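*Asks:* A single structure is presented below for examination.
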Amino acid sequence: MSRYYDRMHDNWRTLAYRKAIATLRRQNVKVVTKEQAKALPNIGSRIAEKIEEIALTSRLQRLNNALQDPRDQVLQLFTGIYGVGLKQASLWVEAGHRTLEDLKNSPVIKLTANQTIGIEHYDDLAQRIPRDEVAEHGEVVRNALQKIDPSFQAIIGGSYRRGAANSGDIDMIITKSDSSAHSIRTVVLDVLVPTLMKKGFLKFALAASKSGEQGDKWHGLSCLLGSTVWRRIDLLIVPSEEIGAALLYFTGNDIFNRSIRLLASKKGLRLNQRGLYKNVIRGVNRAKLTDGELVEGKDEKEIFRILGVPWRAPEDRNC
Ligand code: DCP
Ligand code: MG
Ligand code: MN
Numbered sequence: 333m334s335r336y337y338d339r340m341h342d343n344w345r346t347l348a349y350r351k352a353i354a355t356l357r358r359q360n361v362k363v364v365t366k367e368q369a370k371a372l373p374n375i376g377s378r379i380a381e382k383i384e385e386i387a388l389t390s391r392l393q394r395l396n397n398a399l400q401d402p403r404d405q406v407l408q409l410f411t412g413i414y415g416v417g418l419k420q421a422s423l424w425v426e427a428g429h430r431t432l433e434d435l436k437n438s439p440v441i442k443l444t445a446n447q448t449i450g451i452e453h454y455d456d457l458a459q460r461i462p463r464d465e466v467a468e469h470g471e472v473v474r475n476a477l478q479k480i481d482p483s484f485q486a487i488i489g490g491s492y493r494r495g496a497a498n499s500g501d502i503d504m505i506i507t508k509s510d511s512s513a514h515s516i517r518t519v520v521l522d523v524l525v526p527t528l529m530k531k532g533f534l535k536f537a538l539a540a541s542k543s544g545e546q547g548d549k550w551h552g553l554s555c556l557l558g559s560t561v562w563r564r565i566d567l568l569i570v571p572s573e574e575i576g577a578a579l580l581y582f583t584g585n586d587i588f589n590r591s592i593r594l595l596a597s598k599k600g601l602r603l604n605q606r607g608l609y610k611n612v613i614r615g616v617n618r619a620k621l622t623d624g625e626l627v628e629g630k631d632e633k634e635i636f637r638i639l640g641v642p643w644r645a646p647e648d649r650n651c
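All residue numbers for the sequence shown refer to the working numbering, where the first residue is 333 and numbers rise by one.
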């Protein structure tokens, strides 16, 4: 169900199921009845009923229906295109489109550059990336970067840093000691990316969907020499002052990040991908009124210590 809702870009339900799954994983006795399930954290009555159905019948009717409904199947196909949301997908379905070919050949649809690439590489981008291959992509980036300037560091973050056997994308955290975001950005965007494009490793720059943080990230597609499979890669530009907070943020997972941020805010602190701040003035509903003063940004372990949270290795952050 979580994967189904994720494909439908229903973030709220995806998260609800992921939290319930995490709770179930922690149990050491089989959960069979809905009452048993409902008594556990992060499991509401709707999910509890589904748990009981699965425990008793080894299947889930709601999921079978969802996977068999033809309209849902087309929606899943279309929302599976990189950069296509539920709204866009629904409009295409309403207009009578059923296949990727329909979209490509339609005389009226104007696909964006991202969507065109998303369709051309649909199967590649739907696959998870084996851990060894993530490491190889990281190695290509690191070697190119250190050839430009040996004092650069390139760390693979995201699910890879959490020890995952496979990843959805490659998250490369790029930093250099005593360096500003501006100086790192200049090297990454003006030298590293063009070099790797020319080498044929980087294939395509995806237009960022959200502006704002835009300048500190490069989203694109990469492909190992001798392979034909294109992968999603993020280059994250991090000044040395912020490397601890950035490592924390870009290691995730997203649920862990939410919890630790909430914990910080309950202690009157604020944590984001740049640092841990104090004396943040908040108004109603914890709305932030001032940025506050930086307490720690450089050292990941130090951020845990100041928050009073025992150190959690990246492998233990799969919430
Ligand atoms: N992140 C977050 N909240 C989000 C998106 C991302 O806190 N809404 C943080 C935590 C993630 C990290 O950024 O671990 C990298 O984002 P990814 O989307 O690449 O997620 P992962 O690397 O964790 O998983 P995947 O293997 O699917 O890439
Ligand atoms: Mg990732
Ligand atoms: Mn990513």
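Cβ coordinates follow ideal geometry from the N, Cα and C atoms, glycine included. It should be emphasised that the depicted structure is a prediction, and the values quoted were computed from it without experimental measurement.
Rounded to the nearest angstrom, what separates residue 389 and residue 636 at their Cα positions?
*Replies:* Taking the first residue of the sequence shown as position 1, residue 389 is located at position 57. Taking the first residue of the sequence shown as position 1, residue 636 is located at position 304. Each residue's Cα considered, the two are about 44 Å apart.
*Asks:* When you compare the CB positions of residue 463 and residue 584, do they come within less than 8 Å of one another, or not?
*Replies:* Residue mapping note: residue 463 aligns to position 131 of the sequence shown, counting from 1. Residue mapping note: residue 584 aligns to position 252 of the sequence shown, counting from 1. No, the pair does not count as a contact, with Cβ atoms beyond the cut-off.
*Asks:* Once you ignore the five residues that flank residue 337 on each side, which residues in its own chain have a CB closer than 6 Å to its CB?
*Replies:* Looking up residue 337 in the sequence shown gives position 5. Closer than 6 Å at the Cβ level, and outside the excluded window around residue 337, lie 345 and 346.
*Asks:* Excluding the 5 residues flanking residue 457 on each side, which residues of the same chain have their C-beta closer than 6 Å to its C-beta?
*Replies:* Working through the sequence shown from its first residue, we reach residue 457 at position 125. If we look at residue 457 and ignore the five residues flanking it on each side, its Cβ neighbours are 414.
*Asks:* Are the region 444 to 455 and the region 464 to 477 touching by the rule of at least three beta carbon pairs closer than 8 Å?
*Replies:* No, because fewer than three Cβ pairs between the region 444 to 455 and the region 464 to 477 fall closer than 8 Å, the two stretches do not touch.
*Asks:* Hey, quick one: how far does the beta strand (DSSP E) through residue 485 stretch, first residue to last?
*Replies:* As a working mapping, residue 485 is identified with position 153 in the sequence shown. Note, residue 485: beta strand (DSSP E), 484 to 488.
*Asks:* Going straight from the alpha carbon of residue 525 to that of residue 445, what length do you get?
*Replies:* Counting from one through the sequence shown, the residue named residue 525 turns up at place 193. Counting from one through the sequence shown, the residue named residue 445 turns up at place 113. When rounded, the distance between both Cα atoms is 19 Å.
*Asks:* Using a Cβ distance threshold of 8 Å, determine whether the region 573 to 590 contacts the region 605 to 621, with at least three qualifying pairs required.
*Replies:* Taking 8 Å as the limit for Cβ pairs, the verdict is that the region 605 to 621 does touch the region 573 to 590.
*Asks:* Pull up the CB-CB distance for residue 534 and residue 554, whole angstroms please, since I reckon it's below 8 Å.
*Replies:* If you number the sequence shown from 1, residue 534 lands on position 202. If you number the sequence shown from 1, residue 554 lands on position 222. Indeed, because the Cβ distance is near 5 Å, the residues count as touching under 8 Å.
*Asks:* Following the continuous alpha helix (DSSP H) through residue 399, name the residue where it begins and the one where it ends.
*Replies:* Residue numbering aside, residue 399 sits at position 67 when the sequence shown is read from its first letter. Taken as a continuous stretch (DSSP letters only), the alpha helix (DSSP H) holding residue 399 covers 393 to 400.
*Asks:* Compute the distance between the beta-carbons of residue 348 and residue 386, then report whether it is under 8 Å.
*Replies:* Position 16 of the sequence shown holds residue 348. Position 54 of the sequence shown holds residue 386. No, the pair does not count as a contact, with Cβ atoms beyond the cut-off.
*Asks:* To which residues of the same chain is residue 474 closer than 7 Å at the C-beta, ignoring the five residues directly before and after it?
*Replies:* In the sequence shown, counting from the first residue as 1, residue 474 sits at position 142. Contacts found: 486.
*Asks:* Would you say residue 552 and residue 537 are within 8 Å of each other, going by their C-beta atoms?
*Replies:* In the sequence shown, counting from the first residue as 1, residue 552 sits at position 220. In the sequence shown, counting from the first residue as 1, residue 537 sits at position 205. Yes, Cβ-Cβ distance for residue 552 and residue 537 is below 8 Å.
*Asks:* Measure how close the beta-carbons of residue 476 and residue 527 come, nearest whole angstrom, since I'm counting them as under 8 Å.
*Replies:* By one-based count along the sequence shown, residue 476 stands at place 144. By one-based count along the sequence shown, residue 527 stands at place 195. Residue 476 to residue 527, Cβ: 6 Å. Contact.
*Asks:* Give the DSSP bridge partners of residue 547, in chain order.
*Replies:* Stepping through the sequence shown from its first residue, residue 547 is reached at position 215. According to DSSP, which records beta bridges pairwise, residue 547 is partnered with nothing at all.
*Asks:* Cβ of residue 501 within 7 Å of any heavy atom in ligand 3?
*Replies:* Within the sequence shown, numbered from 1, the residue matching residue 501 stands at position 169. Flag set: Cβ of residue 501 near ligand 3.
*Asks:* Please report the straight-line C-alpha distance between residue 420 and residue 441, rounded to a whole angstrom.
*Replies:* Locating residue 420 in the sequence shown gives position 88, where the first residue counts as 1. Locating residue 441 in the sequence shown gives position 109, where the first residue counts as 1. So the alpha carbons of these two residues sit roughly 11 Å apart.
*Asks:* Between the region 637 to 650 and the region 589 to 596, are three or more C-beta pairs nearer than 8 Å?
*Replies:* The region 637 to 650, when compared against the region 589 to 596, does touch it at the 8 Å Cβ threshold.
*Asks:* For the candidate residues 600, 625 and 629, whose alpha-carbon lies nearest to that of residue 615?
*Replies:* Residue numbering aside, residue 615 sits at position 283 when the sequence shown is read from its first letter. Cα-wise, what sits closest to residue 615 is 600.
*Asks:* Check whether the Cβ atoms of residue 502 and residue 480 lie closer than 8 Å to each other.
*Replies:* To locate residue 502, count along the sequence shown from 1; it is residue 170. To locate residue 480, count along the sequence shown from 1; it is residue 148. It is not a contact, given that the beta carbons lie outside the stated cut-off.
*Asks:* In chain order, what residues of the same chain have a beta carbon less than 6 Å from the beta carbon of residue 532, not counting five sequence neighbours either side?
*Replies:* Working through the sequence shown from its first residue, we reach residue 532 at position 200. Excluding sequence neighbours, residue 532 sits near nothing in its chain.
*Asks:* May I ask which residues mark the beginning and end of the beta strand (DSSP E) holding residue 556?
*Replies:* Position 224 of the sequence shown holds residue 556. Neither: residue 556 is in no beta strand (DSSP E) and is coded neither H nor E.
*Asks:* Examine ligand 2 and report whether any of its heavy atoms sits within less than 7 Å of the Cβ of residue 591.
*Replies:* Here the question's residue 591 lines up with position 259 in the sequence shown. The answer is no for residue 591.
*Asks:* With H, G and I counted as helix, E and B as strand and the rest as coil, what does DSSP make of residue 568?
*Replies:* Along the sequence shown, one-based indexing puts residue 568 at 236. Strand, per DSSP.
*Asks:* Find out if the Cβ-Cβ distance for the pair residue 353, residue 366 is shorter than 8 Å.
*Replies:* Along the sequence shown, one-based indexing puts residue 353 at 21. Along the sequence shown, one-based indexing puts residue 366 at 34. No, these two residues do not count as a Cβ contact at 8 Å.
*Asks:* Between the beta-carbon of residue 625 and the beta-carbon of residue 634, is there less than 8 Å?
*Replies:* Walking along the sequence shown from the start, residue 625 turns up at place 293. Walking along the sequence shown from the start, residue 634 turns up at place 302. Contact: no.
*Asks:* What did DSSP end up calling residue 455 once you bin it into helix, strand or coil?
*Replies:* For the purposes of this step, residue 455 is identified with residue 123 of the sequence shown, where counting begins at 1. Looking at residue 455 - three-state DSSP - the assignment turns out to be helix.
*Asks:* Return the bridge partner residues of residue 602 from the DSSP annotation.
*Replies:* Counted from its first residue, the sequence shown places residue 602 at position 270. Answer by DSSP bridge pairing, in chain order: 609.
*Asks:* In this structure, how does DSSP classify residue 627 when only helix, strand and coil are distinguished?
*Replies:* Sequence index remark: in the sequence shown, residue 627 carries index 295 (1-based). Strand at residue 627.
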